[in-house]
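Just below is one structure, and these are the notes that go with it.
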Amino acid sequence: MIDPQRLLAGLVRIPSLSGEEGAAADFLLRTLRTLCEVELGPGGAVLGVLERGKGPTILLTGHLDVVPPGDEGAWSVPPFSGEVQAGFLYGRGAVDMKGAIAAQVAGAAKALVELRGRLLFAYVTHEETAEGVVLGRVLDRL
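In the working numbering, the protein residues as written are 8 to 149.
What follows is the structure, given as structure tokens:
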């Protein structure tokens, strides 16, 4: 089982500014290896494929990069801390889009028992400048 809060905290603690997503990609790659076949694809994208018999194909996708945090003194917690306060996890990328990635991966792990079909994971880089181009190259490979 994958703990979504631990996964999200781990992702948020990695400053993955656009063009500097390598450490976040490696972290996610190690996590996805527990579920499926996974590799680094075009532009450093994390690609995974899980096949479980006949059924629909579902694509889970998102971007690993974040925008710079700006004035870190304006943050109530350090932007790359992944700190939890009152049940909420704070940090750069927690909402856009590392929270969704953590939810997708943890949800997929939980649904494995019932999954029938093909589940594709495509987590891309360079969202601010080239996400569509990178995602197109990724989809060509899947």
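Built from N, CA and C at the ideal position, the CB exists for glycine as well.
task: State whether the region 78-98 contacts the region 47-62, with contact taken as three or more CB pairs (one from each stretch) at a distance under 8 Å.
output: no
field: Supposed close pair Ala113, Ile21 - CB separation, criterion 8 Å
entry: Not confirmed; about 17 Å, so no contact.
task: State whether the region 113-123 contacts the region 77-84, with contact taken as three or more CB pairs (one from each stretch) at a distance under 8 Å.
output: no
- prompt: Buried or exposed: Glu28, going by 16 or more other Cβ atoms within 10 Å of its Cβ?
  reply: buried
- request: Can you say whether Lys105 is buried or exposed, counting buried as having 16 or more other CB atoms within 10 angstroms of its CB?
  value: buried
query: Residue ranges of each beta strand (DSSP E) run of no fewer than 3 residues wholly in the region 87-149, ordered along the chain?
result: Runs found: 90-92, 95-97 and 124-131.
Own chain, CB closer than 7 Å to Asp72, minus 5 neighbours either side, in chain order: Ser23, Leu24, Ser25, Glu28, Thr132, His133, Glu134 and Glu135
- prompt: Going by alpha carbons, who is nearest to Thr41 out of Gly89, Ala93 and Leu119?
  reply: Leu119
- prompt: In terms of residue numbering, what span does the alpha helix (DSSP H) encompassing Gly62 cover?
  reply: Counting along the chain, Gly62 falls outside any alpha helix (DSSP H), and DSSP gives it neither H nor E.
message: Closest to Pro75 by C-alpha separation, out of Pro86, Leu14, Arg125 and Tyr130, would be which residue?
response: Pro86
task: Give me the Cα-Cα distance between Glu90 and Ala107, rounded to the nearest whole angstrom.
output: 17 Å
message: Taking the straight line between their C-alpha atoms, what separation do you get for Gly124 and Lys61?
response: 5 Å
message: Tell me the rounded alpha-carbon separation between Arg12 and Ala109.
response: The sequence shown places Gln at residue 12, rather than the Arg named in the question. Counting only the Cα atoms, Ala109 lies some 8 Å from Gln12.
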